[in-house]
Every structure is written in structure tokens, then in C-alpha cells.
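Chains as they are written, first to last, in our numbering: chain V, 1 to 346; chain L, 1001 to 1247. Quick reminder that beta carbons are idealized off the backbone N, C-alpha and C, glycines included. Being a predicted model, the structure only gives us computed values, none of them experimental.
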């Protein structure tokens, strides 16, 4: 396993850039550690525990334009009248959507294994039949360099969900810290190619699995739908202000909303956009007439956990929780779902 | 379709913001609609008389007897009244500032001065656009929805939602009192993003839970009194209602 210095890492990243990749890595920006586009010449931050955002922000952006269409807007005596394709009868023939699919080559450099698992989950959701073309455009040809994690903070729980293991085919380079440098091994052909760029070759030797140390250990009794419904969440949601920080920062929360956006300049030109949605918001479960199904904080908290565990296991044979602990760490009240679902080990 | 823009007692910041932030859209606003009353842009068509309008946008709080009279006239002549900005929707700074002040003279020539009230205290308001000042995008969005017979909506999320979407660190974590969890979003978390706590200038969020918020502050060992004081600053009448429900 070749050992690399920071200089080698910089060369490696330049190699990736030369191949047309947009390198995204953890960075400290104004004191906040988050994933961002790496400026040329700057070294990525590889010694960190938690990032404030996740790969989701680059694969499923908060706001994305799906397509534009010309509606049959007319000026009437009453004012401007825009005909909607669905609200007023059949879709007018004049509607001609214009769509440009995103095409990018993203390289995630130095993300932790839990985040890699979140990409795997998003793939399962967005690429299963029918595949989402917008997600696919960003996802295709992605390069992932994983920084293996040694120790978690108070909120990490990958140890109990086994999400410190990188799934097969989801890493090109595996890195781990060693004596001030980095041990790097290629896990794919693409990874080998990149290592060859800096004249390092893969040596055949087995490496022991690195299991990150968890500060707090919990065991989950059962994550069945019936069991979650049965439990009393009152004491947990008492402090909840419904700020939705838990779902915003969750790397696997993929729910979205579709909205038509108009402009005053040309009201007939409508942009259909996809925006982020959260189950902690009121309009998530709102239907025509204004009724919401998830009325209480209790119901929304349970819904989030049900989506992460039983629903995801049923639909995708995967847990929706990848054990990063963002929903606990980012919550202003530190509402801890681990205590709700399980018991703390001594 | 006829629009009208009125000012009561205010800094006229909301209407100024519309003019500056709509940019080239302002011209198309003029092409699409008949605007008879928008004093900041041109002399009203019928003089100072309140014209008939389909949608009336009213900024400012009701402070004087003239405001009250004008507002009643506006309501009579408009089919849809929109409160523009926080002064109109909750009284803003004037609401708290005008209470508990002993004025020697409550009359200046023929202008009587009262305690400031949001316009909803005097007339029925059909829709409220919050913000100090109001956001031009939200104004456009609400207007385009209205003319298409779609009900305009207020953001249903708090400032935290946008703040965390931006990947910011939480100010409450840094030991600073921030009203983010209580405040109505839609501003793009402008203040917390530059390290300044939220003062809830857009009024409380649709599902603001004051009790839970104060308990969270208590858990973190932060000053609850300061939070309530901050809440009074911009939120005016709505803060009063929120505190009544919360405590």
C-alpha cells in the first residue's frame, strides 16, 4: 500500500482535474466544515469527523430546474390568464417543454464511509426503474475517494448499523491516516489509473478492516412499523420546534416537491422546478382543502423514523439510516432517536 | 386588472424595495396592470382620492386617525387587500415602541396619534406578505398566483430550515440567542448566514412552538428573557398572541 504525503494528494487531485473531474471535498469555510468545490491549489481537509452538509447537496440540489415550457398565456380584460396544463382541461398543444439534462463529472475526495453509503441509498432510490435522468446525469462517471474514519463523535452510530463498511463498487480510492501521511489503495480500475498518474503502483497486501470507535453504544430492539407506532415519543418531541434541521442535513432524505415558477418579465414562460421537501413541514402531507395527515410533532417524528427503517427496508432492502448522526448533532434540542428506538449499552 | 399601492405610517422601505429589486420587472408590471395609485413612482391618477382596485397592497402600521380613515377607504374600494411587509401584518417595531409611552400631547394640529396597530386590527386582510422589508420575489410570486386564481401561500418553514440547507453552523450552539426556530422562513437565512442572530423580522413561523423553543433554550442554558425581548422587537402583535398561547 503506497504511502502518500499531502504533496502527493495535491498531485493526485490535479490529475483528477486534468481528467475533467469537478473535485468536491471537505473544506473549512469560515470555521464551518462542509463539502464544497475545492479551489485549485488548496489541500482538502482530511482530518475531520462531521460535515454540515452531505453529497446529497451535489447530487440532488435544493432547487433544480426540470424544464421550461411556454404556456398559453393570454391577456384578458380581467388581466393575465395563464393556462395550466392540468388545472384547466387537457394539456394545450402549444406546450413544448425545453429541457437540458445536467452532465457533470463529480469526484468526491475524502468523504467518510457513511456518506458513501448514503450515495448507495440515493442510487437505489433515484436509479431504480424508472431512473431519474437529472440524478443520473450527475451520478454517471462519479469518482469517489474514501477517507476511512477512525473515531466518531458523540452522535455517530455507524458502528451499530455496519455502515462503516464501504459497499463494493462504491470506492475508487481508499485512504486512511498513518503517521502524518496517508495510506492509499485503489479499489477500482479508475483508482489504479489515478494512482499511476503520480507513479505509485498498487502493491498486493491485505489491510485489516478499520472499525471506527463509537463514543456511545446503543442497541436497537426492533425497528418494525408497529413497534415505532406503539412507542411513546412524547418526551422526545417535547423540545422539537419543527425546524426540520434533521431532514435537511440527513444525507439520505430525498423527498422533493414540484413547483411552477413564473416571472413577470415573460409570464408565459414557465419554469418547472424541483425543490427540497421535508416531512417535518406542514405542506408535506397537505392535500387539497388544506388538510394535513401528519398533524402533530409526534406523528412527524415517527414518520421520519418509519421512512428510514421499515419503509426503506421493505422498498429497497436497505436501511435509510446510514449512521452519520447528523439529525442528532444538527438538532437545536439534540433530540436523540437512538434513545427512542433502543437502549444505551454500558 | 387594477393594482394600487398604499403607504400608511412607515419608512416606505417595502415599496422602495419593490422598485429597486423588481428592476426590469417593474416596467412589465406597468405593462400588464393598470396601476392608478403608486405615489413613489408617479402622481396618482385621481389625485389623493383612493381609486377602485382589484388588488390593494398596503404597507405600514396604523398609527394616526388619518391612517385609519384611509385604510377603511382602501378596504371599501378594493376587492383583495394584501398587507405588505411586517408593519402592515404585525405592527413591527412601532407596535412595541408606541406602548407604555406617555405623550404630553396626543394631537398634532388635526392629526391624532394612537398606539400602533397592524392593519388586520382595523380591517379584514386577505393575505399577508411578511418581511422587513418585503421580498420582491415573494411579491411577484403572490401576485402571479393571485391573478391566476391560485391561493398565494406563506412559507411553512422556519429560518432554521434555510439556514441548515445552506450548511451553516447553529448560532444556538455557539451560545447566542437566535430566534431561527420560531421565525418564518423565506429570507434565505440572511442574518444567521453572516453570523448575526435572527430577530424574526418576518413574524412567527406558521407552526411556531414557543414553549418548545423556550425549553430548548433552558436546556442549553441560554437567556430566555432575552429571547422574549428579541421576539417583541419585530413581531409586534403576533408576539403578544404567541406569548399568550405559550405561557
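Chain-ordered neighbours of residue i on chain L, where CB pairs are closer than 8 Å
{"i": "residue 276/V", "result": "1165"}
{"i": "residue 273/V", "result": "Chain L residues near residue 273/V: none, gap ~12 Å exceeds 8 Å."}
{"i": "residue 53/V", "result": "1167"}
{"i": "residue 330/V", "result": "1164, 1170"}
Short CB-CB distance (under 7 Å) between residue i and chain L
{"i": "residue 131/V", "result": "no"}
{"i": "residue 315/V", "result": "no"}
{"i": "residue 215/V", "result": "no"}
{"i": "residue 249/V", "result": "yes"}
{"i": "residue 333/V", "result": "yes"}
{"i": "residue 351/V", "result": "Residue coverage of chain V in this structure runs from 1 to 346, which leaves residue 351/V outside it and unanswerable."}
{"i": "residue 88/V", "result": "Residue placement at residue 88/V cannot be trusted, given a pLDDT of 48 that sits under 50; the coordinates are not used to answer."}
{"i": "residue 253/V", "result": "no"}
Interface residues of chain V facing residue i [CB-CB closer than 7 Å]
{"i": "residue 1192/L", "result": "By Cβ distance, chain V contributes nothing, its closest Cβ being about 12 Å from residue 1192/L, past 7 Å."}
{"i": "residue 1207/L", "result": "242, 282"}
{"i": "residue 1219/L", "result": "239, 333"}
{"i": "residue 1181/L", "result": "241, 243, 332"}
{"i": "residue 1028/L", "result": "264, 265"}
is_contact[residue i, chain V] using C-beta, thresh 7 Å
{"i": "residue 1169/L", "result": "yes"}
{"i": "residue 1155/L", "result": "no"}
{"i": "residue 1200/L", "result": "no"}
{"i": "residue 1196/L", "result": "no"}
{"i": "residue 1135/L", "result": "no"}
{"i": "residue 1144/L", "result": "yes"}
{"i": "residue 1006/L", "result": "no"}
Where residue i falls, given that 16 or more other Cβ within 10 Å makes a residue buried
{"i": "residue 258/V", "result": "exposed"}
{"i": "residue 279/V", "result": "buried"}
{"i": "residue 199/V", "result": "exposed"}
{"i": "residue 295/V", "result": "exposed"}
{"i": "residue 1204/L", "result": "buried"}
{"i": "residue 52/V", "result": "buried"}
{"i": "residue 1016/L", "result": "exposed"}
{"i": "residue 1181/L", "result": "buried"}
{"i": "residue 1147/L", "result": "buried"}
{"i": "residue 293/V", "result": "exposed"}
{"i": "residue 954/L", "result": "Coverage of chain L is limited to positions 1001 through 1247, which leaves residue 954/L absent and any answer about it impossible."}
{"i": "residue 40/V", "result": "exposed"}
{"i": "residue 1040/L", "result": "exposed"}
{"i": "residue 1061/L", "result": "buried"}
{"i": "residue 249/V", "result": "buried"}
{"i": "residue 1010/L", "result": "buried"}
{"i": "residue 113/V", "result": "buried"}
{"i": "residue 1155/L", "result": "buried"}
{"i": "residue 302/V", "result": "buried"}
Contacts that residue i makes with chain L (C-beta to C-beta distance below 7 Å)
{"i": "residue 62/V", "result": "1165"}
{"i": "residue 32/V", "result": "1167, 1168, 1169"}
Proximal chain V residues relative to residue i, where beta-carbon distance stays under 8 Å
{"i": "residue 1158/L", "result": "241, 242, 243, 244"}
{"i": "residue 1025/L", "result": "263, 264, 265"}
Contacts that residue i makes with chain L (C-beta to C-beta distance below 9 Å)
{"i": "residue 102/V", "result": "The premise fails here: residue 102/V is roughly 19 Å from chain L at the closest Cβ pair, so nothing lies under 9 Å."}
{"i": "residue 238/V", "result": "1211, 1212, 1215"}
{"i": "residue 142/V", "result": "Those within 9 Å of residue 142/V in chain L number zero; the least Cβ separation is about 21 Å."}
Within chain V, the residues that residue i reaches when beta carbons sit closer than 9 Å
{"i": "residue 1037/L", "result": "Result: empty, since nearest Cβ-Cβ is about 17 Å, beyond 9 Å."}
{"i": "residue 1140/L", "result": "262, 263, 264"}
Cβ of residue i within 7 Å of any chain A Cβ
{"i": "residue 1204/L", "result": "Absent from the structure: chain A. Protein chains present are V and L."}
heavy atom of the ligand HEM below 6 Å from residue i C-beta
{"i": "residue 131/V", "result": "The ligand content of the structure shown is nil, which means the ligand HEM is not present either."}
Next item on the list: Any chance you could list the alpha helix (DSSP H) runs of at least 4 consecutive residues sitting entirely within the segment 1147-1211 of chain L, in chain order?
Entry: 1159-1165
Note to self: Output needed in chain order: residues of the segment 109-126 of chain V with a Cβ under 9 Å from some Cβ in chain L.
What the structure shows: none
Next item on the list: Please go through the segment 253-285 of chain V and give each complete alpha helix (DSSP H) segment of 4 or more residues, from N-terminal end onward.
Entry: none
Next item on the list: Taking a Cβ distance cut-off of 9 Å, strictly less, list which residues of the segment 1065-1090 of chain L are near chain V, in chain order.
Entry: none
Notebook entry, point to check: Can you give, in chain order, each stretch of the beta strand (DSSP E) that sits fully within the segment 126-167 of chain V and has at least 3 residues?
Noted result: 143-147
Notebook entry, point to check: For the segment 300-344 of chain V, which segments carrying the beta strand (DSSP E) assignment without a break, of at least 3 residues, lie completely within its bounds, in sequence order?
Noted result: 342-344
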